[in-house]
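To start, the structure itself, in structure tokens.
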Amino acid sequence: MAERPRIKVPGAAAKGEIIEIKTLIAHGMESGQRADERGKPIPRKIINRFTCEFNGSPVFACDFEPAVAANPYLQFTAKAETSGTFRFTWIDDDGTAITAEESIVVT
Amino acid sequence: MSARPMTRRQAVFAGAGTLTLAFAACPRGVVGAANETAAEIARFTGGTATETGAIAIDIAEIVENGNAVPLAVAVESPMTPDDYVTQILVLADANPQPRVATFHFTPMSGRAEAATRIRLAATENVIVVARTNQGKFYTARKEVKVSIGGCGG
Chain A
9 MAERPRIKVP GAAAKGEIIE IKTLIAHGME SGQRADERGK PIPRKIINRF
59 TCEFNGSPVF ACDFEPAVAA NPYLQFTAKA ETSGTFRFTW IDDDGTAITA
109 EESIVVT
Chain B
5 MSARPMTRRQ AVFAGAGTLT LAFAACPRGV VGAANETAAE IARFTGGTAT
55 ETGAIAIDIA EIVENGNAVP LAVAVESPMT PDDYVTQILV LADANPQPRV
105 ATFHFTPMSG RAEAATRIRL AATENVIVVA RTNQGKFYTA RKEVKVSIGG
155 CGG
């Protein structure tokens, strides 16, 4: 996983507003179901977990299985209560993690 | 000795070589894979009965390519600390493994909604089961007709 993930979070929101968050990360999500031309199985290698926290508290998370399509796209919501920072994490089968942050001003 | 025209038997074996190659390109495990959908649901619910009605599944009825099928799920819920959806499990009952994804929510989620893109190996049911913090379970399903299965091939 080398590319930066793409994240869409509104920069500002009203207190109590439910905002939409969209994320996209480049990843082949190798399912483990494929075989190469010689018939040798290609091992599974996917992002298996995504988490979203706000100011350190969990908001949303997702466990991915091999049936999630390549370049996993995720859309979910969050309730805006205070200003702060969203922290997003994607964890690969091999244990590596990619993180990203987005701030929001809530008035 | 005059050359005989190839018999039908010989022609079939010549053609079978090509057919074998085609199946080698097919993802293994798709055809005749063991189906554990009911067991997965039971594991998630612990045997508790599921109710219907609270879940909306947004997915195409027919897709040409099962490689990246958009899916959105939504569960009606107050999403307050007293009463909120904790998890939504998505299954596809004819995939090599039925589990597709599990979404985890908190009251801070605002709504019990999520969207992603999934792989469907063949025409099958997408089954959604939701659990609330009060121990209630809801379920819904939608059949998707798939022309070309998407196990990554």
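Residue numbers (the working numbering), protein chains in the order written: chain A, 9 to 115; chain B, 5 to 157.
Each residue gets a CB set at the ideal place from its N, CA and C atoms; glycine is no exception.
Which first and last residues belong to the beta strand (DSSP E) in which residue i is found?
i	result
A112(A)	Correcting the residue type first, residue 112(A) is Ile in the shown sequence and not Ala. From DSSP, the beta strand (DSSP E) with I112(A) extends over A105 to V114.
R103(B)	R103 to F109
G92(A)	G92 to D100
A72(B)	Here A72(B) belongs to no beta strand (DSSP E), and DSSP marks it neither H nor E.
E28(A)	I26 to L32
N129(B)	E128 to T136
R14(A)	R14 to K16
S65(A)	S65 to F72
R115(B)	First-last for R115(B): undefined, no H or E at that position.
Since residue i meets chain B, which of its residues come closer than 9 angstroms, beta carbon to beta carbon?
i	result
P66(A)	H108, T110 and M112
I15(A)	Chain B residues near I15(A): none, gap ~15 angstroms exceeds 9 angstroms.
Kindly indicate which residue of the options has the alpha-carbon position closest to the one of residue i.
i	options	result
I152(B)	T127(B), Y142(B), I131(B) and S81(B)	T127(B)
N129(B)	D97(B), R103(B), G114(B) and R115(B)	D97(B)
I92(B)	R145(B), K149(B) and V150(B)	R145(B)
G24(A)	P80(A), S91(A) and Y81(A)	S91(A)
T31(A)	T85(A), G47(A), R42(A) and E73(A)	T85(A)
V177(B)	I63(B), P100(B) and E117(B)	Nothing in the structure corresponds to residue 177(B), since chain B is present only between 5 and 157.
I112(A)	D101(A), D100(A), W98(A) and E89(A)	E89(A)
E40(B)	T136(B), L95(B), T84(B) and N137(B)	L95(B)
I27(A)	F94(A), G36(A) and N56(A)	F94(A)
A75(A)	V150(B), T54(B), E80(B) and N99(B)	N99(B)
I54(A)	N79(A), E109(A) and A108(A)	N79(A)
D71(A)	A105(B), V150(B) and E44(B)	A105(B)
E68(B)	E44(B), R123(B), R103(B) and R135(B)	R123(B)
R14(A)	T115(A), G64(A) and Q83(A)	Q83(A)
R52(A)	M37(A), C60(A) and P18(A)	M37(A)
I33(A)	T97(A), D101(A), E45(A) and V114(A)	T97(A)
N56(A)	F107(B), T136(B) and N137(B)	F107(B)
Just to make sure I have the definition right: I need the residues of chain B whose C-beta is within less than 7 angstroms of the C-beta of residue i. Which are they?
i	result
P80(A)	T120
A86(A)	M112, S113 and G114
I33(A)	None at all; the shortest Cβ gap to chain B is about 12 angstroms.
A62(A)	Checking the displayed sequence, the identity of residue 62(A) turns out to be Phe instead of Ala. Going along chain B in sequence order, the residues near F62(A) (Cβ under 7 angstroms) are M112.
I26(A)	G114 and R115
A69(A)	H108
Which bits of chain B does residue i rub up against, with CB to CB less than 8 angstroms?
i	result
E110(A)	What E110(A) touches in chain B: nothing, since even the nearest Cβ is about 15 angstroms away.
Which chain A residues are close to residue i, counting only those with a beta carbon under 8 angstroms from its beta carbon?
i	result
R103(B)	E73 and A75
A96(B)	A75
Just to confirm, is the Cβ distance from residue i to residue j under 9 angstroms?
i	j	result
M112(B)	F58(A)	no
A77(A)	V73(B)	yes
V132(B)	I66(B)	no
A78(B)	R115(B)	yes
Y81(A)	A64(B)	no
Y142(B)	T56(B)	yes
A76(B)	I61(B)	yes
I99(A)	A105(A)	yes
Note the first and the last residue of the continuous alpha helix (DSSP H) segment covering residue i.
i	result
A43(B)	T41 to T49
Cβ closer than 7 angstroms: which chain A residues qualify as neighbours of residue i?
i	result
G100(B)	The sequence shown places Pro at residue 100(B), not Gly. Correct list: Q41.
Which residues, in chain order, does the stretch 115–149 of chain B contribute to contact with chain A at a C-beta distance below 7 angstroms? R115, E117, A118, A119, T120, R121, I122 and R123
Mind listing which residues of the stretch 91–108 of chain A have their C-beta closer than 8 angstroms to chain B's C-betas, in chain order? none
For the stretch 49–82 of chain B, list every residue whose C-beta sits within 7 angstroms of some C-beta in chain A, in sequence order. N71 and A72
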